[in-house]
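Residue numbers (my numbering), protein chains in the order written: chain A, 248 to 645; chain B, 6 to 424.
Glycine included, each C-beta is placed from N, C-alpha and C at the ideal position.
(1) For the candidate residues B/23, B/86 and B/282, whose alpha-carbon lies nearest to that of residue 35 of chain B?
(2) Taking the alpha-carbon of residue 611 of chain A as reference, which of A/632, A/592 and A/594 has the nearest alpha-carbon?
(3) Mind checking residue 128 of chain B: buried by the 16 CB within 10 Å criterion, or exposed?
(4) If the cut-off is 7 Å on Cβ atoms, which residues from the region 299 to 323 of chain B count as contacting chain A, listed in chain order?
(5) Residues of chain A with a CB under 7 Å from the CB of residue 250 of chain B: which are they?
(6) Compare the Cα-Cα distances from residue 330 of chain B to each of B/309, B/279 and B/341 and report the closest residue.
(7) Please check if any C-beta of chain B sits within less than 8 Å of the C-beta of residue 502 of chain A.
(8) What does the Cβ neighbour count give for residue 70 of chain B, buried or exposed, with the cut at 16 atoms within 10 Å?
(9) Would you please state the rounded distance, in angstroms, between the beta carbons of residue 225 of chain B and residue 401 of chain B? I believe it to be under 8 Å.
(10) Judging by CA-CA distance, which residue of A/517, A/349 and A/530 is the nearest neighbour of residue 272 of chain A?
(11) Please list, in chain order, all residues of the same chain as residue 585 of chain A whose beta carbon is under 7 Å from its beta carbon, the five residues on each side excluded.
(12) So with Cβ pairs under 8 Å, would you call residue 667 of chain A a contact of chain B?
(13) Would you grab the beta carbon distance between residue 474 of chain A and residue 371 of chain A for me? Rounded to a whole angstrom, and I think it's under 8 Å.
(14) So what's residue 473 of chain B in DSSP terms, helix, strand or just coil?
(15) Here's the rule: buried if 16 or more other CB atoms are within 10 angstroms of the residue's CB, otherwise exposed. What is residue 424 of chain B?
(16) Which residues in the same chain as residue 67 of chain B place their Cβ atom closer than 8 Å to its Cβ, once the five residues preceding and following it in sequence are excluded?
(17) List, in chain order, every chain A residue whose beta-carbon is nearer than 7 Å to that of residue 253 of chain B.
(18) Listing by chain order, which chain B residues have their CB less than 7 Å from the CB of residue 655 of chain A?
(19) If you follow the alpha helix (DSSP H) that residue 344 of chain B is part of, which residue opens it and which one closes it?
(20) Measuring CB atoms only, is the region 281 to 293 of chain B touching the region 304 to 324 of chain B, in the sense that at least three cross pairs come out at less than 8 Å?
(21) Which residues in the same chain have their Cβ closer than 7 Å to the Cβ of residue 197 of chain B, if we skip the five residues on either side of it in sequence?
(22) If we define contact as Cβ-Cβ less than 8 Å, is residue 332 of chain A a contact residue for chain B?
(23) Within 8 Å (strictly less), CB to CB, does residue 405 of chain A reach chain B?
(24) Could you say which of A/576, A/622 and A/477 lies nearest to residue 268 of chain A if we only look at CA atoms?
(25) Just grab the DSSP bridge partners of residue 497 of chain A for me.
(26) Would you list, in chain order, the members of the region 595 to 627 of chain A that have their beta-carbon closer than 7 Å to a beta-carbon of chain B?
(27) With contact counted as at least three CB pairs below 8 Å, one residue from each stretch, are the region 547 to 567 of chain A and the region 600 to 610 of chain A in contact?
(28) Using a Cβ-Cβ cutoff of less than 6 Å, which residues in the same chain neighbour residue 344 of chain A once the five nearest sequence positions on both sides are dropped?
(29) Count Cβ pairs between the region 425 to 442 of chain A and the region 557 to 575 of chain A that sit closer than 8 Å; are there 3 or more?
(30) Can you tell me the Cα-Cα spacing of residue 384 of chain B and residue 355 of chain B, whole angstroms?
(31) How close, in whole Å, do the beta carbons of residue 318 of chain A and residue 559 of chain A come, if the pair is a contact with beta carbons under 8 Å?
(32) First and last residue of the beta strand (DSSP E) that includes residue 479 of chain A?
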């Protein structure tokens with residue numbers, strides 16, 4: 248009865264929360280007409296982007312599958328590594344989890360290096376191989392800390408709660424994720440405040456229009472590693488911040504185009520997209536934790552360190568399965584941010600030029616295959632973004 | 006069991022030193038350094054000829070072997086004099102062979118057949134040994150642009166500096182430092198002999214393999230090694246990263262221990278003895294740090310626990326219960342620990358070199374070489390004693406000699422004599 252009531256309550260929460268989280272300010276009846284790409288790109292540019300992305304797609308698919316294969320082997324053989332530990336139950340669980348991450352890192356490394364090689368070949372990346380691997384290695388160390396904290400929570404809760412650890416662990420993980428989202432702006436390296444007086448003026452007027460006073464605009468120095476332009480919004484509440492890569496500045500993009508970028512990132516903050524991601528996580532953490540608990544039950548549940556390799560496999564498979572859904576939600580939010588930016592800047596011409604320029608500078612294929620969008624793309628295609636600018640213009644004739 | 010090494014150090018040091026010659030030691034040794042430099046040029050030329058001969062004949066001719074052996078012995082004696090490992094002024098080359106005329110001398114076996122591959126690639130093969138020799142050696146001065154320079158000390162260099170002060174103060178060489186200097190000289194001589202083709206047996210840095218006077222005072226913190234040398238390649242490959250959670254826990258726990266050490270300092274100062282609960286708490290942290298360092302430096306294989314429990318790890322620590330401590334020594338514990346900390350830092354570099362070399366060896370063979378494990382274990386044991394001393398677990402000064410057999414207790418010695 249209790250389980251049934253819980254399930255019903257959960258279903259009710261999902262039924263209320265999901266439509267609210269999916270709701271955006273993009274008009275429901277907005278029609279995106281097909282865009283003639285030859286009006287924006289030369290045949291050579293289209294062919295170059297297509298060649299560039301074709302390799303990355305194959306590499307990306309292999310990089311997605313490699314961890315699953317590696318963890319499938321690790322789930323079978325990993326428990327034997329218990330003999331490499333003198334650390335007791337939880338410490339051994341931590342060791343097995345870290346080794347699982349290490350195995351995934353090793354499995355993905357060749358594909359990551361291949362991607363770097365390809366990007367260097369097309370002058371999109373400037374990162375050196377050694378720097379790249381060392382950077383990845385250090386990032387792996389940071390991920391070890393997070394996975395150890397997660398294992399500590401799960402295995403500590405599994406002692407008193409045994410099979411029901413997942414109910415208590417979920418709020419803890421949600422709190423972790425919220426905390427991470429909150430402090431992320433402080434963890435981004437090599438930031439400095441935006442110095443351009445013109446852009447600061449633009450940002451001030453956009454912030455006023457969106458009622459986002461107090462949001463800082465920073466620039467991150469990435470030019471040493473990449474030529475790719477990018478921007479991001481991070482944090483929530485008092486830590487909200489827009490971060491522009493310095494590859495956007497220096498004359499590659501016009502000031503009206505950069506205003507569209509600022510409007511887009513402020514749009515994310517205005518619509519609380521980061522908090523909504525935390526909410527999505529909260530919605531799905533519970534069933535995922537339950538799936539892990541269910542899958543590891545035959546190995547003694549998460550009380551036993553030998554269950555950890557299998558738990559990692561379940562998590563990676565779930566993540567792979569959820570990836571298209573996650574990308575779909577993210578694309579929806581990106582589209583909303585584009586729309587808010589168009590509303591704020593009221594300059595569809597600059598938006599179209601920005602999107603075309605983004606495609607050329609980052610060698611993005613303007614209209615990628617559907618399956619590729621489903622698996623890899625967190626943003627709408629360039630063709631869709633240009634079409635949205637067209638649609639906005641049609642809806643707002645001069 | 007390893008056969009005995011063809012290059013062996015013989016040390017019979019009575020620990021007596023002349024303050025006058027010690028004070029001017031660096032200047033007194035100049036004529037010898039000049040002679041060493043001249044002899045080295047000749048040895049370099051002969052070595053090139055010897056390399057071709059050994060490569061073609063598979064062994065070094067007797068004449069050349071003896072001449073180079075005499076050179077290595079002489080350099081060892083000069084180094085022993087320079088680094089205060091011996092007191093008398095050495096001869097300018099002892100041509101009569103090892104007659105134990107100098108307190109620190111070498112025994113060199115006669116020429117033996119040498120593997121041609123090992124001869125052909127001798128310089129490359131010697132690189133790991135040279136790395137280790139540099140960590141165990143005197144140190145170096147690095148000049149940068151302008152008038153900037155930096156000095157880095159190896160184990161031998163630090164030991165000699167500390168010994169210099171100790172001898173000037175006491176007129177006697179501390180026994181631990183004497184043993185440590187003899188050990189470093191032994192390894193340096195073996196590396197030289199290997200490079201100069203006196204033998205194709207690899208230099209052995211195992212402190213237990215050096216025939217030193219094999220007694221040491223009973224230590225208050227004793228490290229027990231129960232490791233079988235087998236290593237998991239996967240955990241070795243990621244060893245540094247796998248230690249990251251332990252670093253975090255060490256740092257967090259360390260903050261509390263710092264407070265406990267301060268409280269312990271006041272308590273020991275007033276009571277003359279460390280309170281049992283604080284003693285146990287700090288000892289547990291010291292043991293945990295030992296476990297973590299043993300894992301990091303590949304001295305042991307399993308992932309350690311986070312509690313520092315006794316008996317939970319192959320490299321373990323026994324700590325004596327609290328003992329009475331002198332108040333003056335307690336009051337000045339920080340400054341008193343400084344010399345030991347300097348030596349500990351040089352030994353840490355040696356342990357890091359062992360870990361680096363051991364990393365490659367363990368990945369290749371799935372086993373940690375015994376000599377690297379033992380040297381790193383010695384370095385960690387010294388560090389552990391240092392923590393124990395600095396944090397008032399004991400007032401016995403860390404013993405720097407790489408010797409673990411304790412002196413017999415007076416009662417046991419009397420019983421043995423009676424028997």
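A quick look at the data gives this:
(1) Looking at the Cα atoms, B/86 is the closest of the given residues.
(2) A/632
(3) A residue is called buried when at least 16 other Cβ atoms come within 10 angstroms of its Cβ; residue 128 of chain B does not meet this threshold and is exposed.
(4) Taking 7 Å as the Cβ-Cβ cut-off, the region 299 to 323 of chain B approaches chain A at 306, 307, 308, 309, 310, 311, 317 and 318, given in chain order.
(5) 341, 391, 392 and 395
(6) When each option's Cα is compared against that of residue 330 of chain B, the closest is B/279.
(7) no
(8) buried
(9) Residue 225 of chain B to residue 401 of chain B, Cβ: 5 Å. Contact.
(10) A/517
(11) Closer than 7 Å at the Cβ level, and outside the excluded window around residue 585 of chain A, lie 511, 632 and 635.
(12) A query on residue 667 of chain A cannot be resolved here, the shown segment of chain A reaching from 248 to 645 and no further.
(13) 6 Å
(14) The question about residue 473 of chain B has no answer, for chain B in this structure spans 6 to 424.
(15) Caution applies to residue 424 of chain B, whose pLDDT of 40 falls short of 50 and renders its modelled position unreliable; the value that the coordinates give is listed next. Per the 10 Å Cβ criterion, exposed.
(16) Close CB contacts of residue 67 of chain B within its chain, under the 8 Å cut and outside five residues either way in sequence, are with 115 and 116 (chain order).
(17) Near residue 253 of chain B (Cβ distances below 7 Å), the residues of chain A are 392.
(18) The requested residue 655 of chain A does not occur in the structure, where chain A is confined to residues 248 to 645.
(19) If you look at residue 344 of chain B, you'll find it in the alpha helix (DSSP H) that goes 338 to 370.
(20) yes
(21) 77 and 80
(22) yes
(23) no
(24) If we check each option's Cα against that of residue 268 of chain A, A/576 comes out closest.
(25) DSSP lists no beta-bridge partner residue for residue 497 of chain A.
(26) none
(27) no
(28) 394, 398 and 555
(29) no
(30) 7 Å
(31) Cβ-Cβ separation between residue 318 of chain A and residue 559 of chain A: approximately 6 Å, consistent with a contact (criterion under 8 Å).
(32) 478 to 481
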